[in-house]
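Protein chains in written order, with the numbering used here: chain A, -1 to 389; chain B, -1 to 389.
Backbone N, C-alpha and C define an ideal beta-carbon position, used for all residues, glycine too.
All of these numbers come straight from a predicted model, not from anything done at the bench.
Step one of this worksheet: look at the structure below.
There are 2 protein chains.
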Amino acid sequence: MINFEFHTPTKIFFGKDTHKQIGEIISNYGFKKILLHYGGGSIKKTGLYDQVLESLNRNKIEFIELGGVEPNPKVGLVRKGAQICKEEKVDMVLAVGGGSVIDSSKVIAIAALSDHDPWEFSSKKETPAKALPVGAILTLSASGSEMSSSAVLTNEDGEFKRGFNSDFNRPLFSILNPELTYSVDKFQTGCGIVDIMMHTLERYFTKTRDVDLTDQIAEGLLRSVIRAGEIAINNPEDYEARATLMWAGSLSHNDLTGAGRDYFMTCHQLEHEISGIYDSVAHGAGLSIIFPAWAKYIYKHNVEKFCQYAVRVWNIQMNFENPEETALKGIIATENYFKSIDMPVRLSELNITDEKFEEMAEKCTFFGNRTLPDYIPLGKKEIIEIFELCR
Amino acid sequence: MINFEFHTPTKIFFGKDTHKQIGEIISNYGFKKILLHYGGGSIKKTGLYDQVLESLNRNKIEFIELGGVEPNPKVGLVRKGAQICKEEKVDMVLAVGGGSVIDSSKVIAIAALSDHDPWEFSSKKETPAKALPVGAILTLSASGSEMSSSAVLTNEDGEFKRGFNSDFNRPLFSILNPELTYSVDKFQTGCGIVDIMMHTLERYFTKTRDVDLTDQIAEGLLRSVIRAGEIAINNPEDYEARATLMWAGSLSHNDLTGAGRDYFMTCHQLEHEISGIYDSVAHGAGLSIIFPAWAKYIYKHNVEKFCQYAVRVWNIQMNFENPEETALKGIIATENYFKSIDMPVRLSELNITDEKFEEMAEKCTFFGNRTLPDYIPLGKKEIIEIFELCR
Chain A
-1 MINFEFHTPT KIFFGKDTHK QIGEIISNYG FKKILLHYGG GSIKKTGLYD QVLESLNRNK
59 IEFIELGGVE PNPKVGLVRK GAQICKEEKV DMVLAVGGGS VIDSSKVIAI AALSDHDPWE
119 FSSKKETPAK ALPVGAILTL SASGSEMSSS AVLTNEDGEF KRGFNSDFNR PLFSILNPEL
179 TYSVDKFQTG CGIVDIMMHT LERYFTKTRD VDLTDQIAEG LLRSVIRAGE IAINNPEDYE
239 ARATLMWAGS LSHNDLTGAG RDYFMTCHQL EHEISGIYDS VAHGAGLSII FPAWAKYIYK
299 HNVEKFCQYA VRVWNIQMNF ENPEETALKG IIATENYFKS IDMPVRLSEL NITDEKFEEM
359 AEKCTFFGNR TLPDYIPLGK KEIIEIFELC R
Chain B
-1 MINFEFHTPT KIFFGKDTHK QIGEIISNYG FKKILLHYGG GSIKKTGLYD QVLESLNRNK
59 IEFIELGGVE PNPKVGLVRK GAQICKEEKV DMVLAVGGGS VIDSSKVIAI AALSDHDPWE
119 FSSKKETPAK ALPVGAILTL SASGSEMSSS AVLTNEDGEF KRGFNSDFNR PLFSILNPEL
179 TYSVDKFQTG CGIVDIMMHT LERYFTKTRD VDLTDQIAEG LLRSVIRAGE IAINNPEDYE
239 ARATLMWAGS LSHNDLTGAG RDYFMTCHQL EHEISGIYDS VAHGAGLSII FPAWAKYIYK
299 HNVEKFCQYA VRVWNIQMNF ENPEETALKG IIATENYFKS IDMPVRLSEL NITDEKFEEM
359 AEKCTFFGNR TLPDYIPLGK KEIIEIFELC R
């Protein structure tokens, strides 16, 4: 186990009807004027928007609206949001939506108290020094942004997708009502399941030894998500399955499953290159394609850990004569699970060819300026080889 | 899963040498004058005291010392600590020690900003409205107080032991260096292992259904603690085992293993009556006696959950013909584990007879004013029957 800091100050309000307290919660914190930030308007269709406004009005919370966050949120809208916060002197940013809306809100909250362009934080040229508080009403179990220190933005000039971590990215509070995810369709539910699993898997496949406690927690979370995922896909209004996914989504990215170890986040970095260029590719769909390819490429460099994964998470019998077979079976079980919840496992399913592999690998290595750390270092050549396995 | 709030704002600094940063950490928060609170002087013997002072002095942190916290910390010393804080206008309380020192510090920090006697908070007559910040350097993996919202005190007038929960009981930060627990002797290490397991077990045996994710996390934590406990007992300087116990101690009482469910904490309440009267009984030793008795008394009222515990935590084969047998085997496995780490499992081992069972049961029911909620309500008669199973 290596030294670590752990800090999850975000207060969680979890359960049925909790979003109806939003006005009271904001009022208890003493905020009076907020930026209400949301996406493409689905919250208006579901009635959530009206419920939020009702509670804000009842508690005399003044709000300025900024909708229009897209999947893979754009820095352009963040600039606009920060400008509004400055001009209107708002006290906090309330995100109503999924990870994109929350990520957009986080960077708005930082840029609102800074003279720097928001992209300077995303591209890690600047480190945040302060931020407005962010609250969230979550409508999608996936990114874990509601409890995480990370935010990912896309720069529409050049199709770069970049994330950064900061304690200023941790929301002050998040409201998690699983019922708000009943309306999430099958595909988006599947994307969320993959994203949650990947946040844990990316931390699980580490070089750090002696992390049994964190491993046990990660494996338990994965087993629970795998089971709940199947149920939620087939019965979108199963409260318990939706609740499991929602809480697992938060725990899988608040660093509980990373405590005491180094990790790579390779699949996320490779995926960002896909959805950075092909804007229509959902993050979860990119990940369900990348993971099997990455795992097949890398598992021989840590057969022991991939065997542990196969045995403990997928209940696969250990083959002591041929551990590589066991390791591979765990990867195939994951790939089959992704298929079973209707997620793509090859780029061809999304009609993406190899034409931009070179460009994606270039961007991913910052034009030859870095290799990705992993069980073996991944340079441009290796990254292209992994993309080849995605075809 | 039931609705819940989850809030663990305590910042954790975990790992080797982390305690040597104490001055910098306090300074970064902006505090200048602290109450340095500790126990019976073992920190002077180990050299920790000198290291703390060195860091405080180097960072020009002014401090007033108050040592002398006993196991089962007394309200008398808390009164004294609160008085000092008021007179000396300190900014924060630094606890250097185990759960007793941290609990004592928490109530000092609350009483320091209040006109009420500290016992009024412990006896739940008053609710805290504010508190000085508390920081901790942990020297014992056990109570979980370093990340919990609870504090337990003993009132020496009448031998009452009472705990209360409050968000104001959450430390601002805690420093967890597993090396500081190398000097903890075998018996105290065993007590800690039992306490950690019990914090999770008391949350695990719940009436709430559909808590698979929280169950999986709890079971993983238990398996990891059981394994690390054996190692630490036999090799006190095994860093990884000590690290597992230390991190598990925090996670087992920060409510991660309680999320989404109601729980009883019956064993803790019964144990408080034992160590409240028999001051020499360590909390962990009381718990290792109480749990097997409680479990044997109650398991028939939720055979299914006790079977799940036996199968998943102790790897016991499920007997579908006779589930009660499986359930009982899990309880016996726990009892045998406690014995294997040299913990007592009967009161007779501590030379305690039945002479005060009546008095303990009386106090536990608040003199007939309450029953303990459990799978069946526990009144005076049932509590005495459980004590009888402890003989």
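Are the CB atoms of B/V67 and B/S102 nearer to each other than 8 Å?
-> yes
If you draw a straight line from the alpha carbon of B/E238 to that of B/A246, how long is it in whole angstroms?
-> 12 Å
At a Cβ threshold of 8 Å, is A/H5 touching chain B?
-> yes
Compare the C-beta of B/M316 against all C-beta atoms of chain A and say whether one is closer than 8 Å.
-> no
Would you kindly work out how many angstroms separate the C-alpha atoms of A/A124 and B/K84, rounded to a whole number?
-> As written in the sequence, residue 124 of chain A is Glu, which differs from the Ala given in the question. Spanning the two alpha carbons is a distance of roughly 42 Å.
For A/L211, which residues in chain B fall below 7 Å Cβ to Cβ?
-> L219, S222, T242, W245 and A246
Straight-line CA distance for B/V343 to B/A283?
-> 8 Å
Close-in-space but distant-in-sequence residues of the same chain around B/L75 (CB under 7 Å, 5 per side omitted) | G66, V67 and S102
Note down the Cα distance separating B/R225 from B/G218, rounded to an integer number of angstroms.
-> 11 Å
Do we get a CB-CB distance below 8 Å when we pair A/Q19 with the residues of chain B?
-> no
Would a C-beta distance cut-off of 8 Å place B/I194 and B/L243 closer than the cut-off?
-> yes
DSSP state of A/V76, grouped into three classes?
-> helix
Does the region 262 to 277 of chain A come within contact of the region 346 to 362 of chain A, defined as at least 3 CB pairs closer than 8 Å?
-> yes
Rounded C-alpha distance that separates B/E353 from B/T369 | 22 Å
Looking only at its own chain, which residues have a Cβ that is under 7 Å from the Cβ of B/K14, when we skip the five neighbours before and after it?
-> N175 and E177
At least three beta-carbon pairs within less than 8 Å, the region 93 to 108 of chain A to the region 204 to 211 of chain A = no
Closest Cα partner of A/E118 within the set A/E319, A/F203 and A/V73 | A/V73
Would you kindly work out how many angstroms separate the C-alpha atoms of A/G274 and B/A293, rounded to a whole number?
-> 56 Å
Euclidean distance between Cα positions of B/I32 and B/G45 = 20 Å
Mind listing the chain B neighbours of A/M(-1)? Cutoff is C-beta to C-beta under 7 Å, in chain order.
-> E238 and A241
Counting along the chain, where does the alpha helix (DSSP H) carrying A/F289 start and finish?
-> H281 to I296
Go through its chain and collect everything with a Cβ distance to B/E323's Cβ below 8 Å, but skip five positions before and after it.
-> N317
Have a look at A/D277 and A/T351 and give me their C-alpha separation to the nearest angstrom.
-> 15 Å
Going along chain A in order, which residues have a C-beta closer than 9 Å to the C-beta of B/F166?
-> None at all; the shortest Cβ gap to chain A is about 14 Å.
Find the nearest neighbour of A/A129 within the set A/S147, A/T137, A/L138 and A/G258, judged by alpha-carbon distance.
-> A/S147
Which word fits B/G28, buried or exposed, when buried means at least 16 other C-beta atoms lie within 10 angstroms of its C-beta?
-> exposed
For B/E228, does the three-state DSSP call read helix, strand or coil?
-> helix
Should A/A93 be flagged as near chain B, meaning a C-beta pair shorter than 8 Å?
-> no
Would you mind reading off the limits of the alpha helix (DSSP H) that contains A/Y180?
-> Taken as a continuous stretch (DSSP letters only), A/Y180 belongs to no alpha helix (DSSP H), as it is neither H nor E.
Start and end residues, beta strand (DSSP E) containing A/Y47 | Where A/Y47 is concerned, there is no enclosing beta strand (DSSP E), although the alpha helix (DSSP H) it sits in stretches over L46 to R56.
Beta-carbon gap between B/P7 and A/P169 smaller than 8 Å = no
Is the CB-CB distance between B/L92 and B/E63 below 8 Å?
-> no
Residues near A/E333 in its chain [Cβ-Cβ closer than 6 Å; skip 5 each side] | P290 and V343
When the Cα atoms are used, what is the spatial distance from B/D48 to B/I41?
-> 8 Å
So what's A/F185 in DSSP terms, helix, strand or just coil?
-> helix
Whole alpha helix (DSSP H) runs in the region 97 to 141 of chain A with 4 or more residues, listed along the chain?
-> 97 to 109 and 116 to 120
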